[in-house]
Amino acid sequence: MLCGALVRGSVHKTAIYRSLSDLLLSPVTALGHDVRCLSAGRGVVCKLPQAAHREDLLSLTRTRAKSHSKLTVRSLHSEHDAMFYSMYAYLSNLPRLHVLGMAVVAYVVYYLIQVVKRPIIACSDGPFKQYLIRQVPTLENKYWPTFWCVESRAQTVLASLLRSKSLPRVNYRREILPLKDGGEVALDWMEEGCDERAPCILILPGLTGESQAEYIKCLVFAAQQAGMRVVVFNNRGLGGIELKTPRLYCAANCEDLCEVIQHVRRTLPAHCKLGATGISMGGLILGNYLARKSEEARNILSAAKIISVPWDVHKGSASIEKPVINSLLGRHLAGSLCRTLRNHLDIYREIYQDSDIDIQRILRCKTIKEFDELFTAKQFGYAHVNDYYSDATLHNKLDHISVPLLCLSAADDPFQPLDAIPIKAANQCTHVAIVITARGGHIGFLEGWWPSTKDQYMGRLFTEYFTKALFDEDGEFQHTANKMHERFLAKQTVALAASSSSSSSPALLLTKKLDAGTLDHKVKLM
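Residue numbering for the sequence shown follows the numbering used here, beginning at 27 and increasing consecutively.
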């Protein structure tokens with residue numbers, strides 16, 4: 027038995043050494059060298075190669091090791107390829123309903139995390155912000171855009187289509203208002219179902235909009251349901267009115283609006299409060315009026331609101347010209363401007379026949395900026411279109427506004443990038459609050475599984491704000507407005523003192539101080 031165990035042990039060792047010899051010395055065998063392993067009872071004796079061939083043995087061993095490592099890397103890559111192939115084969119063989127279900131679940135997760143969000147309120151901590159949070163419940167709730175229509179351009183286009191198909195034509199009472207320079211505009215009144223004490227809201231449409239525009243009708247019906255009367259201000263040449271003078275309108279000029287607001291105030295009963303709303307370019311005109319005619323606006327208007335306004339016209343113009351969908355929207359608006367000009371072509375042919383304004387070239391404009399450069403800027407006396415855009419921009423004028431102003435903007439507005447919204451400036455203003463939703467497009471703000479034309483986010487926020495501000499049954503809004511104006515005057519006093527200090531010489535500052543009463547008097551005259 028002992029002999030048998032030894033024999034088995036030696037055979038086992040022989041097999042081990044033989045395999046080791048095959049691994050290390052097989053290249054040498056291939057060169058013709060005889061390497062033999064002999065088995066004996068006490069171990070294994072190997073006949074080693076001659077010294078002349080040892081270097082060849084070592085180099086061939088290294089080569090075999092390198093090739094072995096390459097094979098290992100290739101095997102790892104092949105394993106990864108096999109894993110991806112297996113995954114692809116698994117997904118390819120899934121039932122279509124399973125794939126559809128996984129896609130729906132992924133979209134629902136994306137919608138709940140990235141789309142549904144509570145709006146941001148950019149406003150200084152003070153009476154106005156506290157009042158809005160307390161009295162306008164929509165601002166505290168999340169905005170739920172239409173589940174299957176969250177993209178900004180889709181919201182913009184679909185909102186216009188749905189409203190135009192579903193909202194009926196409004197039966198206004200038209201009034202033609204003559205202006206001081208001989209021109210005239212149309213004012214469309216909607217007063218059905220309103221009592222004598224009902225407040226009134228003046229609405230300014232967008233670039234080429236008029237009283238029957240779908241977004242205007244959305245606000246008109248919302249105001250009517252709340253018991254408020256509405257008057258829509260149609261710009262010169264719009265609303266079916268012929269031009270009496272060659273002048274049209276622009277975003278930086280608020281002379282026509284001054285005359286309209288004064289006329290509406292004289293027309294309404296003395297106890298009726300008046301508010302104003304501007305949409306898109308109408309918001310630019312209204313915002314410039316509130317900033318430039320601050321004291322006059324405060325004496326006439328109780329509250330104001332602007333929707334989807336292009337705060338920085340330079341950035342808004344650049345955004346609307348981005349390819350491809352944005353530029354298509356811009357071409358559509360430029361075409362509307364050209365059609366407005368074409369409708370009054372007779373009056374322009376005679377006036378601009380011998381001037382540098384080429385009407386035929388203007389009628390071929392493809393972008394809004396091109397139209398403004400060739401026509402609008404020249405008509406209103408600007409040396410360059412950029413001068414016009416700088417004059418129309420609002421983001422640097424918010425400090426001058428003294429009427430409570432609520433603004434609604436979407437972060438994905440294709441006409442206005444998010445970085446152009448003056449959030450920092452609004453956080454330092456006493457009378458301006460900007461509500462920024464994550465989605466909504468340009469004058470879109472659709473919500474729900476199927477957008478309802480009767481109750482939309484834009485109309486609901488419009489109604490909640492003006493109902494509280496203009497009816498003001500408990501007097502809380504007026505009390506808030508008085509507090510806001512006190513802070514406005516204090517801020518203006520500090521700014522005036524700082525400007526006076528910076529403009530005075532050090533010697534005068536040591537010997538002269540402004541009297542506080544005189545300073546307050548100067549502030550009231552501003």
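All residues carry an ideal CB built from backbone N, CA and C; glycine is no exception.
Chain-order list of residues whose beta-carbon lies under 7 Å from that of residue i (same chain, five-residue window excluded)
i, result
"ARG513", "GLY152 and THR456"
"LEU316", "ALA323, ALA330, ILE427, VAL429 and LEU431"
"GLU240", "SER186, ARG189, SER190 and LEU193"
"LEU496", "PRO225, MET254, LYS299, GLY301, SER328 and ALA329"
"ILE159", "LEU165 and GLU166"
"VAL411", "LYS395, ASP398, GLU399 and ALA403"
"LYS270", "GLY208, GLY209 and GLU210"
"GLN504", "ASP498"
Opposing strand residues paired with residue i [DSSP bridges]
i, result
"ILE462", "ILE146 and SER435"
"PRO171", "GLU473"
"GLY301", "ILE227 and ALA329"
"VAL258", "ASP214 and ILE229"
Beta-carbon gap between residue i and residue j smaller than 8 Å
i, j, result
"VAL290", "ASN260", "no"
"ALA446", "THR463", "no"
"LEU359", "THR519", "no"
"LEU228", "VAL335", "no"
"PRO163", "GLU490", "yes"
"LEU245", "PHE441", "no"
"ARG179", "ILE351", "yes"
"ALA277", "LEU312", "no"
"VAL286", "LEU203", "yes"
"ILE305", "ILE469", "yes"
"SER135", "PRO171", "First, the amino acid is wrong: residue 135 is Val here, not Ser. No, the Cβ-Cβ distance between VAL135 and PRO171 is not below 8 Å."
"GLY263", "HIS370", "yes"
"GLN181", "GLY219", "no"
"LEU434", "ILE346", "no"
"ILE385", "PRO272", "no"
"ALA248", "VAL339", "no"
"PRO443", "LYS319", "no"
Nonlocal neighbours in the same chain, by C-beta distance under 6 Å from residue i, ignoring five residues either side
i, result
"ARG324", "SER428 and VAL429"
"LEU243", "Per the sequence shown, the amino acid found at residue 243 is Lys instead of Leu. Once the five neighbours on either side are set aside, the close Cβ partners of LYS243 are LEU193 and VAL196."
"GLU217", "ARG255"
"GLN161", "LYS494"
"GLU502", "none"
"ARG292", "none"
"GLU201", "LEU213"
Span of the beta strand (DSSP E) around residue i
i, result
"PRO204", "199-204"
Anticipated Cβ contact below 8 Å, residue i with residue j, distance rounded
i, j, result
"VAL196", "GLN238", "7 Å"
"ASP439", "GLY467", "6 Å"
"PRO231", "TRP337", "Going by Cβ atoms, the distance from PRO231 to TRP337 rounds to 18 Å, so no, they are not a contact pair."
"PHE401", "ILE388", "5 Å"
"ASP398", "TYR378", "Not really, about 16 Å apart at Cβ, beyond 8 Å."
"LYS143", "TYR169", "7 Å"
"TYR483", "PHE492", "Actually they are not in contact, since the Cβ atoms of TYR483 and PHE492 sit about 15 Å apart, beyond 8 Å."
"TYR198", "TRP174", "About 35 Å; that fails the 8 Å criterion."
"THR393", "GLY356", "6 Å"
"ASN314", "CYS284", "Contact doesn't hold; Cβ gap of about 11 Å is too wide."
Boundaries (first-last residue) of the alpha helix (DSSP H) holding residue i
i, result
"LEU187", "178-192"
"GLY253", "Taken as a continuous stretch (DSSP letters only), GLY253 belongs to no alpha helix (DSSP H), as it is neither H nor E."
"LYS395", "394-397"
"LEU283", "281-293"
"HIS468", "Counting along the chain, HIS468 falls outside any alpha helix (DSSP H), and DSSP gives it neither H nor E."
"GLN156", "153-161"
"LEU269", "Neither: LEU269 is in no alpha helix (DSSP H) and is coded neither H nor E."
"ARG365", "351-369"
"ASN412", "411-418"
"THR489", "483-492"
"HIS457", "Taken as a continuous stretch (DSSP letters only), HIS457 belongs to no alpha helix (DSSP H), as it is neither H nor E."
"ILE311", "307-318"
"ALA129", "122-136"
"ARG387", "385-388"
"LYS423", "That residue, LYS423, is in no alpha helix (DSSP H); it is neither H nor E in DSSP."
"SER345", "339-346"
Proximal residues to residue i (C-beta, below 8 Å), its chain only, five neighbours per side dropped
i, result
"CYS9", "Nothing can be reported for residue 9, as the shown portion of the chain is limited to 27 through 552."
"GLY58", "Residue placement at GLY58 cannot be trusted, given a pLDDT of 41 that sits under 50; the coordinates are not used to answer."
"ALA252", "THR489, PHE492 and THR493"
"SER112", "none"
"HIS297", "ARG223"
"ASP221", "GLY253"
Residue-level contact to chain B via CB, residue i, 8 Å cutoff
i, result
"PHE401", "This model lacks chain B altogether, as it is built from one protein chain only."
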